[in-house]
Every structure is written in C-alpha cells, then in structure tokens.
Amino acid sequence: MRIFDPHIHMTSRTTDDYEAMHAAGVRAVVEPSFWLGQPRTSPASFLDYFDSLLGWEPFRAAQYGIAHHCTLALNPKEANDPRCVPVLDALPRYLVKDNVVAVGEIGYDSMTPAEDTALAAQLQLAADHGLPALVHTPHRDKLTGLRRTLDVVRESALSPERVLIDHLNETTVKEARDSGCWLGFSVYPDTKMDEERMIAILRAYGTEQVLVNSAADWGKSDPLKTRKVGDLMLAEGFGEDDVDQVLWRNPVAFYGLSGRLNLDVAGTEATHEGNSILRGVPKDPHEPDLGPGDGDGPARVPAAGA
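With full-length UniProt numbering, letter number 26 in the sequence shown gets 26, and the count goes up by one each step, no holes.
(1) Give the DSSP-derived three-state secondary structure of M193 in the structure shown.
(2) Below 8 angstroms between beta carbons: does that hold for A215 and S186?
(3) Could you spell out where the alpha helix (DSSP H) holding F46 opens and where it closes?
(4) Excluding sequence positions up to five away, which residues of its chain have a Cβ less than 6 angstroms from the Cβ of P138?
(5) Go to V96, then tell me how far its beta strand (DSSP E) extends in each direction, as first and last residue.
(6) List the endpoints of the continuous alpha helix (DSSP H) containing S110.
(7) Measure from the alpha carbon of F254 to the alpha carbon of each residue in T226, I201, C181, N99, then state which is nearest.
(8) With distances taken between CB atoms, is the gap from V153 to L123 smaller than 8 angstroms?
(9) The ligand FAD and L95: does the residue's C-beta get closer than 7 angstroms to at least one heavy atom of that ligand?
(10) In chain order, which beta strand (DSSP E) runs of at least 3 residues are fully inside the segment 198-253?
(11) Please tell me whether A127 and L158 are closer than 8 angstroms, where the distance is taken between their beta carbons.
(12) I need the DSSP call for L158, collapsed to helix, strand or coil.
(13) Between the beta-carbon of L95 and the beta-carbon of L131, is there less than 8 angstroms?
(14) Given a cut-off of 8 angstroms on the beta-carbon distance, is the pair L168 and L150 in contact?
(15) Kindly identify the DSSP beta-bridge partner or partners of I8.
(16) Check whether the segment 16-31 and the segment 212-229 are in contact - that is, three or more C-beta pairs closer than 8 angstroms.
(17) What residue range does the beta strand (DSSP E) around R177 cover?
(18) Name the one or two DSSP bridge partners that D141 has.
(19) In this structure, does DSSP put A306 in helix, strand or coil?
(20) As a quick exercise: from R197, Q245, P189, pick the residue whose alpha carbon is nearest that of E170.
In structure tokens form, the structure reads like this:
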C-alpha cells in the first residue's frame with residue numbers, strides 16, 4: 001500500500017514517527033503551515049517557520065525515504081492578530097519556491113472580518129502564482145463556515161477545481177462536493193473523523209476527488225491514521241484500486257496542479273546547516289556501558305595518572 005498524507009504537521013512529530021510512517025507505506029507528505037499552539041508575535045517568526053518547512057523538514061523526511069512538500073499561508077487563527085497580518089506582504093517571495101505546492105492553510109477559525117480579508121487575499125495570491133489552495137473549515141459551526149468559505153471561493157479568481165476544502169464531515173460533505181472543490185477529511189483519535197465514519201462517507205459519496213489525511217500535530221493525533229483507513233477500506237470490501245486512488249492518486253492529482261510536485265526522494269547532504277539529526281556520538285555496540293557520561297555516548301574511564 002502506497003500512501004501520500006496530504007495534510008500532516010511533521011514539525012510537531014519526531015523521527016520515530018517518520019520511521020513508523022515509512023514502515024506503514026507513507027512515501028510522500030504535504031505539510032501545511034499552521035498555528036503552533038501559542039501566539040506568534042511578529043512576521044519574522046513566520047518566516048523562520050516557513051524556512052524550516054522548505055529546508056529542515058524535507059531534509060528530515062528524506063532520511064526516512066519520504067518526499068516532503070509544504071503549503072504556506074497566514075493561518076486563519078492568526079489572521080486576527082494585527083502583529084501577524086504583515087506576513088501577507090512577505091508571502092509572494094515564498095510562494096515561488098519549488099517545494100511549495102499550494103497556498104494554505106487558509107480559511108476560517110472564528111469567521112471574523114479579518115479572516116474574510118485574509119482568505120480573499122490569499123485566494124488571489126494562489127491565482128497569481130498558479131497554485132491551488134488548501135482551505136481549513138472551522139472547528140465550530142462547520143456548515144456555516146463552509147457556506148461562507150464557498151461564497152468567498154466563488155467570488156475569487158481561483159476556480160473550485162483548484163481548491164481543497166479540508167476537515168469536512170457528514171454535515172458538510174454534500175455541499176462541498178456539489179461546489180466542485182476537492183474534499184479533504186482529517187482522521188483523528190477522538191475528534192474530527194474516525195475510520196468507520198470515513199468508510200461510511202466513501203460508501204455514500206465515492207472515491208473521486210477525496211483526500212484522507214491524519215493532520216497529525218502537537219495535539220492528540222496519529223500519523224498512521226491514513227494507513228488505518230486503507231486497512232479498513234480493504235476489510236470492508238473496497239478494492240486495492242480504491243485504496244490507491246484515495247491514499248495516493250488523488251493527492252498526487254490535486255497537488256500536481258501546482259506543477260511542482262516531485263515524488264522522488266533525492267539524496268541529501270550529511271547535514272542540514274550543520275545539523276545531522278543525530279545528537280552526540282553514537283555508542284560503539286562493542287564497547288561496554290561504563291555508566292553515566294556527558295550525554296554524548298558512553299562514559300569514558302580516565303587514563304591512568306590523568
């Protein structure tokens with residue numbers, strides 16, 4: 001089973017997650033820029049974050065055989081903070097980067113006028129740069145949020161066929177599908193969708209233009225949820241081709257609209273800006289453990305007379 005997770009926040013995950021994801025069949029990911037859990041206080045903090053999504057995370061992913069791309073944006077929550085809004089002026093120089101395959105996450109959090117402005121501006125940026133858009137639907141009052149989102153999309157220069165509406169559920173899927181947009185579903189341990197609900201939606205609406213993601217981040221989440229959906233699809237009578245369409249071909253088709261998707265995992269240098277991922281000196285497996293050291297390998301016994 002080959003898997004492309006089209007929405008996962010690997011900045012929040014460990015190298016153990018990359019290793020487990022590869023073992024489960026994940027060979028490509030897209031990491032959307034998002035809220036980091038506490039407020040950022042200036043556009044400069046966004047730019048450092050964007051740089052990490054363009055450099056450090058692709059380097060980490062490549063160590064585990066996974067192709068990494070990203071989407072960049074001013075996220076809906078922080079669009080309400082005047083200190084962060086100037087990042088919109090900096091986005092154009094980042095949206096030309098090769099690894100950027102969409103503008104996102106954009107959309108609504110609390111459905112404020114500031115979010116209206118940021119959503120419309122970033123849909124225009126997507127159109128200007130020939131990129132698709134990844135749109136976040138709000139966690140509260142989802143149907144109202146979806147309808148407001150679709151109104152803004154219809155007024156924009158970006159066609160619905162270049163928009164992925166994410167975090168959908170049973171209350172929003174029909175109107176999102178009828179709009180012509182792509183359909184995104186986040187599968188979580190306790191919130192959003194679960195595997196069984198996802199199977200029911202696939203039975204009702206089919207597999208065309210449907211993307212399933214883990215959206216794994218710093219909260220309670222699971223980067224292997226995509227694999228669990230694929231396994232349950234097979235157990236519930238879907239064919240291997242159905243699974244491949246949902247978990248691989250659909251995300252390839254959507255992000256391929258950018259013209260920048262490259263699924264080859266290129267070899268990397270030994271370090272990224274001096275960081276090899278390894279911390280300290282690896283322990284020699286043939287050397288006995290001599291007790292606590294300095295944290296960079298086994299302790300050393302002082303030489304006689306030292």
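We put the CB at the ideal spot given by N, CA and C, even for glycine.
Treat the numbers as computed from the prediction; the structure is a model and nothing was measured.
Quick look at the numbers:
(1) strand
(2) yes
(3) 43-54
(4) Y108, D109, G145
(5) Counting along the chain, V96 falls outside any beta strand (DSSP E), and DSSP gives it neither H nor E.
(6) From DSSP, S110 is part of no alpha helix (DSSP H); its letter is neither H nor E.
(7) C181
(8) yes
(9) In the structure shown, the ligand FAD is absent, as is every other ligand, since no ligand is present at all.
(10) 210-213
(11) yes
(12) coil
(13) yes
(14) no
(15) Paired residues: none, contrary to the question.
(16) yes
(17) Looking at the DSSP string, R177 is not in any beta strand (DSSP E); the run it does join, the alpha helix (DSSP H), is 173-179.
(18) Answer by DSSP bridge pairing: none, since D141 is not bridged.
(19) Residue confidence for A306 is low, a pLDDT of 37 falling below 50, so the modelled location carries little weight and cannot support an answer.
(20) R197
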